[in-house]
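Under full-length UniProt numbering, think of the first position of the sequence shown as 1, with each following residue one higher. C-beta: ideal position from N, C-alpha, C; glycine also.
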Amino acid sequence: MVEPLSQEVLVNVTPQETRVAVVENGVLQEVHIERTRSRGIVGNIYKGRVSRVLPGMDAAFVDIGLERAAFLHASDVCRGRPELDPARSQPIAELLREGEELLVQVVKDPLGSKGARLTTQITVPSRYLVMVPCMGQVALSQRIEGEDERERLREVVTRLGEADGHCGYIVRTAAEGAEEAALAADMAFLRRLWAGIAERAEAARPGTLVHEDLPLALRILRDLLGDAVEKIRVDSRMTFRRMREFAERYVPELAGRLEYYPGERPVFELYGVEDELKRALERRVELKSGGYLIIDQTEAMTTIDVNTGAYVGHRNLEETIFKTNLEAAQAIARQLRLRNLGGIIIVDFIDMEVEEHRTQVLQALERALARDRARTHISEISRLGLVEMTRKRTRESLARQLCEPCPTCEGRGTVKTVETVCYEIFREIIREARQFEARSFLVLAAPQVVDRMLDEESAGVAELEAFIGREVRFQAESSYTQEQYDVVLM
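Structure (structure tokens):
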């Protein structure tokens with residue numbers, strides 16, 4: 001029996017950042033973070049100028065006023081223009097030219113060394129609808145399942161939108177069951193909003209922001225919340241008032257669920273969110289059975305390794321492996337949402353001999369991912385127990401939002417041993433002794449390296465001094481990392 005879904009949303013606000021936690025049935029599932037100095041730009045609309053057309057990549061770079069030029073692929077160029085032939089896929093050189101000005105929208109934030117990803121198919125969302133000015137037709141969310149309701153919504157939106165000409169609409173999941181008057185009000189709001197955007201775009205210079213998406217606290221009311229939400233707790237009185245005003249105007253069914261939290265104990269601490277965030281930055285994820293996951297995020301992909309750990313089961317090895325993999329499937333789905341991991345994901349389940357077990361684990365993973373708003377695609381389990389899957393990525397992962405590469409290992413995850421550093425120092429002294437005239441050498445290094453030189457490697461130091469005919473002295477520097485050293489000529 002499937003446990004009914006109960007959601008609470010926690011909003012923590014400081015002058016520097018806003019954090020939103022989605023808690024389902026008492027368990028943290030999602031975290032969204034928006035910092036004042038580095039707000040995401042997905043959804044923002046810019047007046048851009050094509051800086052370079054790349055026929056070999058079937059794409060173009062567009063200057064929208066950011067540090068790095070943004071990327072626009074030919075498939076993201078709106079073919080709704082009358083002069084373009086929609087019957088065939090046209091190369092980028094026929095769609096755009098260098099220096100051309102165009103209106104673009106960000107669909108992916110800059111990630112790592114990559115610039116933002118753009119589209120010219122502008123979308124303007126509201127509570128029930130998304131206006132797509134160059135689409136010219138009505139589309140419906142796949143999550144609206146009832147055929148009668150789908151037909152009703154399509155007929156209503158098509159009729160209401162007849163006056164908009166080439167403008168199209170996408171009917172959002174939240175529109176299911178919505179009355180015609182609410183849909184008409186939504187459409188009128190979108191028309192006014194788009195008219196203002198078009199007017200500003202006409203007067204704007206290339207490289208300027210034309211329309212900025214809502215801040216996170218209001219965006220969650222528009223995009224993230226559904227009928228399962230029982231309570232939205234906000235710990236900032238000012239933000240609470242803004243959210244209530246927004247809800248009363250656009251999502252009145254949520255206004256009564258908003259609640260100001262005045263408690264002295266931080267709301268994230270009250271629900272255990274801070275501890276969960278710390279655990280979400282670790283490689284190892286413990287399973288209740290005693291098994292565990294190891295999650296490694298790289299530039300190319302994310303790998304997840306499943307291990308039985310301390311779990312020994314009660315019947316036989318195959319049953320132990322099967323139960324561990326089933327539990328891991330639930331945990332993996334949660335970790336993908338919590339850590340916001342996207343792109344290519346490889347899951348290394350423990351090898352299972354029974355075909356039925358492999359099928360059940362895959363089905364368990366699919367069911368667990370059904371609540372994920374990000375689009376996912378899962379392949380079959382290979383002979384090695386590997387599952388290849390993809391998850392749509394539109395913003396940085398939690399780890400990349402909150403962390404940076406270690407300055408000591410520079411993201412490698414390992415450092416050279418003390419012994420290795422000592423032998424590097426020996427080679428460096430010999431090299432410099434052959435190149436330069438010096439009375440002696442002073443080595444500045446980390447305390448643990450100096451301790452090794454004066455203890456285990458003392459015989460080697462004596463041999464080195466005899467070989468080069470000069471004295472070698474050592475000085476410990478507490479601020480040096482284990483791999484860092486300097487050889488000074490005296």
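- Between V156 and L129, the CB-CB gap reaches or exceeds 8 angstroms.
- DSSP places Q29 within a strand segment (E or B) once states are collapsed to three.
- A distance below 8 angstroms between beta-carbons, with the five flanking residues on each side excluded, links V229 to the following residues of its chain, in chain order: Q7, E8, V9, L254 and R257.
- Burial is judged here by how many other beta carbons sit within 10 angstroms of a residue's own beta carbon; R219 has at least 16 and is buried.
- Excluding the 5 residues flanking it on each side, A178 has same chain C-beta neighbours closer than 7 angstroms at Y128, in chain order.
- With fewer than 16 neighbouring CB atoms inside 10 Å of its own CB, F436 falls in the exposed class.
- When the alpha-carbon of A364 is set against those of I381, L326, E396 and L66, the nearest one is in L326.
- Approximately 11 angstroms separates the beta-carbon atoms of V50 and T120; this is outside 8 angstroms, ruling out the contact.
- In the structure shown, I295 adopts extended strand secondary structure according to DSSP, grouped into three states.
- Relative to E318, the option among R334, H377, I350 and S126 whose CA is nearest is I350.
- With a cutoff of 8 angstroms on beta-carbon distance, V461 and Q482 are scored as not near each other.
- Among the bridge pairs identified by DSSP, S440 is matched with E471.
- By the Cβ rule, the stretch 38-45 counts as touching the stretch 192-212, because three or more pairs are nearer than 8 angstroms.
- Straight through space, the alpha carbons of V251 and L221 are spaced by roughly 7 angstroms.
- Per DSSP, the beta bridge partners of V124 are M131.
- In this structure, I304 places its C-beta atom within 8 angstroms of the C-beta atom of D348.
- Annotation note: the stretch 231-259 contains the following uninterrupted alpha helix (DSSP H) runs of length 4 or greater, listed N- to C-terminal: 237-250 and 252-255.
- Distance from the CA of E245 to the CA of W194, rounded to the nearest whole angstrom, comes to 22 angstroms.
- E101: not part of any alpha helix (DSSP H); member of the beta strand (DSSP E) spanning E101 to K108, first to last residue.
- For R431 and A466, the gap between their C-alpha atoms comes out near 15 angstroms.
- Annotation: V354 is outside any beta strand (DSSP E) and is labelled neither H nor E by DSSP.
- Cα atoms of L489 and C403: separation of roughly 39 angstroms, rounded to the nearest angstrom.
- By the Cβ rule, the stretch 33-40 does not count as touching the stretch 272-286, because fewer than three pairs are nearer than 8 angstroms.
- When the alpha-carbon of S458 is set against those of E419, R434, A438 and R284, the nearest one is in E419.
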